[in-house]
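Colleague: Handing you this structure, nothing more for now.
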Amino acid sequence: MDVSSILNSYSTELQKTQLEQLSSLSSSSSSEETTENAFKMQLMLSMIQQMFKDSDAYSIVMEAFTSAMKSSNFSFDGLFNTSTSTTTSSYNNVASSSLTSSSDSITSNSIYEGVDEKVANAIDKACKKYNMDPSFIMAVIKQESNFDSNAVSSAGATGIMQIMPFNFAGLGITDPYDVEQNIDGGTKMLSNLLDVYQDKKMALAAYNAGSGTLANRNINGEEDFDRLPSETQNYIKKVSAYEEMYNNKYV
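Given below as C-alpha cells:
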C-alpha cells in the first residue's frame, strides 16, 4: 500500500489539506524510502487514532504531526527509535516540534522533554509551590503563547502566560517578560481560580475571559458554557486537549 492510500484510509478523520501535505512530504524520498515511510506512517497514524480517536486532542495531534513532517530535520527514524535509551520518547518528539530546545537537566519528568530548561525549571518550581499539575500549566502555556516569553497580545496580555498588566502587582510581577516571574504569577492565578471555582474548566474560563464575565453571564458550570464568548469556549477545548496530550506524554 502506498502513502496516499494509507492516508486516504484515514480521510474521515483528517482534513484534506493535511492528507495532501503528509502525502507530498512523505513521497518526496526515494522509492525504497517511500515504501518504508509508508509502513511507518501507517503504524503512526494507527497509534494516534487508537490513542485519541474519541478525544478533542485528535485534530491537534494530527496538526502537530503534519507540522513535524514539514521540519527540515524530520525523520521517521526518530519516531520509531528502537534503542533502549530512556532519554527521549519518540512519540513526544512529534508534537513537541514547535517547542523550544531540549535540556536533559530535568528529564526525570518526561513531560518537559523538548522544553527550554529555564521554562521547565520555572514550571516545575511554580507547580510545587502552588501544588498544581504540570500538565495543566504546560497546556495553558502552549495555548497562551506557544512558549514565547516575549508574546504580547493585542489586548496587552504579556509574557509566556499572557498576564494582563492590571494583575502584575497582585501577582508580584515586576518584569512580565521574566519567565520565572510570569510562570509563578500565572500558576498562582490559576491556583486561586481553582480554589474559587473548584472546577478546572471554570478556572480556565475565568483565566481567559475574566471572573467578571462569568458573573455577568451567570456562568455556574459547564452546562452554561454556551453563554461564554466563542473564543473562551474554544480556549477551554484547546487547553483541555493539550493537557490530555501532555498527560499521555505525547507532547
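Residue numbers (our numbering): 4 to 254.
C-beta atoms are modelled at their ideal positions from N, C-alpha and C, and glycine is treated no differently.
As the structure is a prediction and not an experimental result, all values here were calculated from the model.
Quick one: using the 10 Å Cβ neighbour count with 16 as the cut-off for buried, is Asn211 buried or exposed?
Modeller: Along the sequence shown, one-based indexing puts residue 211 at 208. Flag for Asn211 reads buried.
Colleague: For Asp187, count the other beta carbons within 10 Å of its own beta carbon; 16 or more makes it buried, fewer makes it exposed. Which is it?
Modeller: What you label residue 187 is simply residue 184 of the sequence shown in a count that begins at 1. So Asp187 ends up on the buried side.
Colleague: Use the C-beta contact count for Ser149: other C-beta atoms within 10 angstroms, 16 or more gives buried, fewer gives exposed.
Modeller: Residue 149 sits at position 146 when you count from the first residue of the sequence shown. The amino acid at residue 149 is misidentified as Ser; the sequence shows Asn. By the neighbour-count rule (16 or more Cβ atoms within 10 Å), Asn149 is not buried but exposed.
Colleague: Can you list the alpha helix (DSSP H) stretches of 4 or more residues lying completely in the region 189-235, in chain order?
Modeller: 203-212, 214-219
Colleague: Can you list, in chain order, the residues of its chain whose CB lies under 8 Å from that of Ile163, leaving out five sequence neighbours each side?
Modeller: On the sequence shown, position 160 is the one that residue 163 refers to. Cβ neighbours of Ile163 beyond the five flanking positions: Val122, Ile144, Glu147, Ser148, Phe150, Asp151, Ser152, Ala154, Val182, Asn185, Ile186, Gly189.
Colleague: In whole angstroms, what is the alpha-carbon distance linking Met167 and Asn251?
Modeller: Locating residue 167 in the sequence shown gives position 164, counting from the first residue. Locating residue 251 in the sequence shown gives position 248, counting from the first residue. Cα to Cα, Met167 sits roughly 31 Å from Asn251.
Colleague: Could you tell me the alpha carbon to alpha carbon distance between Thr235 and Ser138, rounded to whole angstroms?
Modeller: Residue mapping note: residue 235 aligns to position 232 of the sequence shown, counting from 1. Residue mapping note: residue 138 aligns to position 135 of the sequence shown, counting from 1. If I take the Cα positions, the gap works out to 20 Å.
Colleague: Do you know offhand how far Asp227's Cα is from Ala218's?
Modeller: In the sequence shown, the residue the question calls residue 227 occupies position 224. In the sequence shown, the residue the question calls residue 218 occupies position 215. Near 11 Å, if we compare the C-alpha coordinates of Ala218 and Asp227.
Colleague: Which residue's Cα is closest to the Cα of Tyr133: Tyr238, Arg230, Asp198?
Modeller: Counting from 1 along the sequence shown, the entry for residue 133 is found at position 130. When only C-alpha atoms are compared, the closest one is Asp198.
Colleague: Closer than 7 Å by C-beta to Glu246: which residues in its own chain qualify, once you throw out the five before and the five after it? Chain order, please.
Modeller: Counted from its first residue, the sequence shown places residue 246 at position 243. Here the set comprises Ser138, Phe139, Ala142.
Colleague: Note the first and the last residue of the continuous alpha helix (DSSP H) segment covering Asp119.
Modeller: As a position in the sequence shown, residue 119 is number 116, starting the count at 1. No alpha helix (DSSP H) holds Asp119; DSSP gives it neither H nor E.
Colleague: Going by C-alpha to C-alpha distance, which of Lys241, Pro179, Leu196 sits closest to Ser156?
Modeller: Here residue 156 corresponds to residue number 153 of the sequence shown, with the count starting at 1. Out of Lys241, Pro179, Leu196, Pro179 has the C-alpha closest to the C-alpha of Ser156.
Colleague: Which word fits Lys131, buried or exposed, when buried means at least 16 other C-beta atoms lie within 10 angstroms of its C-beta?
Modeller: Within the sequence shown, residue 131 is the residue found at index 128, counting from 1. Label assigned to Lys131: exposed.
Colleague: Which residues does DSSP list as the beta-bridge partners of Ile126?
Modeller: Working through the sequence shown from its first residue, we reach residue 126 at position 123. Bridge partners of Ile126: none, in fact.
Colleague: Am I right that Tyr249 and Ile114 are in contact with their C-beta atoms under 8 Å? What's the rounded C-beta distance?
Modeller: In the sequence shown, the residue the question calls residue 249 occupies position 246. In the sequence shown, the residue the question calls residue 114 occupies position 111. Confirmed, about 6 Å.
Colleague: With Phe171 as the anchor, note down where its alpha helix (DSSP H) starts and where it stops.
Modeller: Here residue 171 is taken as the residue at index 168 of the sequence shown, counted from 1. That run of the alpha helix (DSSP H) goes 171-174.
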